[in-house]
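Asker: Those sequence lines, one after another, are chains S and H. Counting the first sequence from 1 gives a position; the numbering used here is that position plus 9. Counting the second sequence from 1 gives a position; the numbering used here is that position plus 160. Note that CB positions come from ideal geometry on N, CA and C, so glycine has one too.
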Amino acid sequence: KAGVTQTPRYLIKTRGQQVTLSCSPISGHRSVSWYQQTPGQGLQFLFEYFSETQRNKGNFPGRFSGRQFSNSRSEMNVSTLELGDSALYLCASSFGQGAYGYTFGSGTRLTVV
Amino acid sequence: SQKIEQNSEALNIQEGKTATLTCNYTNYSPAYLQWYRQDPGRGPVFLLLIRENEKEKRKERLKVTFDTTLKQSLFHITASQPADSATYLCALPLNTGFQKLVFGTGTRLLVSP
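#1: Which whole-angstrom value is the C-beta distance of histidine 38(S) and serine 83(S), which I expect to be below 8 Å?
#2: Establish whether the CB of leucine 209(H) and some CB of chain S are separated by less than 9 Å.
#3: For serine 115(S), return the contacting residues in chain H, with the cut-off set at a CB-CB distance below 9 Å.
#4: Since I believe glutamine 45(S) is in contact with tyrosine 98(S) (beta carbons under 8 Å), could you give me their beta-carbon distance rounded to a whole number of angstroms?
#5: Just list the residues that DSSP pairs isoleucine 164(H) with in beta bridges.
#6: Report back the beta-carbon spacing between glycine 203(H) and glycine 116(S) to the nearest angstrom; my notes put them in contact at under 8 Å.
#7: Can you check which of these residues, Ile237(H), Tyr188(H) and Glu175(H), is closest to isoleucine 164(H) by C-alpha distance?
#8: Buried or exposed for glutamate 57(S), please, with buried defined as at least 16 other CB atoms from any protein chain shown within 10 angstroms of its CB.
#9: Name the chain H residues that come within less than 7 Å of tyrosine 111(S), Cβ to Cβ?
#10: Using a C-beta to C-beta distance shorter than 7 Å, which residues of chain S count as neighbours of threonine 265(H)?
#11: Ordered along the chain, which non-local residues of its own chain (more than five positions away) have a Cβ less than 8 Å from that of lysine 22(S)?
#12: Would you say glutamine 194(H) reaches chain S, if we count a Cβ-Cβ gap shorter than 9 Å as a contact?
#13: Spatial neighbours of serine 74(S) within its chain, please: CB distance less than 6 Å, with the 5 preceding and 5 following residues excluded, ordered by chain position.
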């Protein structure tokens, strides 16, 4: 079966711009989580969606937002980009509560210049 | 506060030996613990999940133990191969919600031929 698909794979943006990243989960997975990964901080939880509802949110500023559509596809948006937002953004989908493991996409590498 | 600790120093071993990685946690009472493998520039790949009532779990050359008294999990790779070289992450669900999976910073494993 198809894995988790994230687009785009690479992105270069300028400070102050906004960006939208997309994630298509594995068919049948209704939970989608987003993570930010940087060399210094590791994997940091951003938010998790289930059936179009945000169930949990990490400690990120309000510039980071997301949503989930009725087909379980998810998007995350970062407004007013800062240099520190440069990171690998990972999306993961899971069946149910995640007790069967998460399947990650390959990520979107965002560079803010 | 809740914390997950993995050895930040790389683990170097010879091919054919057993690699043992450690994951310690504090202020958690997780229902389960997961291990992932991550290669550079890629998303983590789910390897194993062990539940709080399981002491040990095996999958091919992998073995995971879970000691809820010591608040520690050990991850073993037997007969290691250079292809096992990667970063290995442990992850736990936060007490406040199973849908928020928190990751350790990972340990890099290098297997030399």
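Answerer: Well, looking at it:
#1: The count along the first sequence starts at 1 and reaches residue 38(S) at position 29. The count along the first sequence starts at 1 and reaches residue 83(S) at position 74. Their Cβ separation, rounded to whole angstroms, is 11 Å, which puts histidine 38(S) and serine 83(S) out of contact at 8 Å.
#2: Here the question's residue 209(H) lines up with position 49 in the second sequence. Closer than 9 Å to some Cβ of chain S, the Cβ of leucine 209(H) qualifies, so yes.
#3: What you label residue 115(S) is simply residue 106 of the first sequence in a count that begins at 1. Gly201, Arg202 and Gly203, listed in chain order.
#4: Taking the first residue of the first sequence as position 1, residue 98(S) is located at position 89. Taking the first residue of the first sequence as position 1, residue 45(S) is located at position 36. Confirmed, Cβ separation roughly 6 Å.
#5: If you number the second sequence from 1, residue 164(H) lands on position 4. Note: isoleucine 164(H) sits in a beta bridge opposite Tyr185(H).
#6: By 1-based counting over the second sequence, the position of residue 203(H) is 43. By 1-based counting over the first sequence, the position of residue 116(S) is 107. Yes, glycine 203(H) and glycine 116(S) are in contact; Cβ-Cβ is about 5 Å, under 8 Å.
#7: For the purposes of this step, residue 164(H) is taken as the residue at position 4 of the second sequence. Considering only alpha carbons, the answer is Tyr188(H).
#8: By one-based count along the first sequence, residue 57(S) stands at place 48. Glutamate 57(S) should be labelled buried.
#9: One-based indexing of the first sequence puts residue 111(S) at position 102. Those are Phe206 and Leu261, listed as they occur along chain H.
#10: Here the question's residue 265(H) lines up with position 105 in the second sequence. Near threonine 265(H) (Cβ distances below 7 Å), the residues of chain S are Gly51.
#11: Along the first sequence, one-based indexing puts residue 22(S) at 13. Excluding residues within five positions, the ones whose Cβ falls inside 8 Å are Val28, Leu90, Leu119, Thr120, Val121 and Val122.
#12: Start at 1 with the first residue of the second sequence, and residue 194(H) comes out as number 34. Closer than 9 Å to some Cβ of chain S, the Cβ of glutamine 194(H) qualifies, so yes.
#13: The residue you call residue 74(S) lines up with position 65 of the first sequence. These residues qualify, in order along the chain: Asn86.
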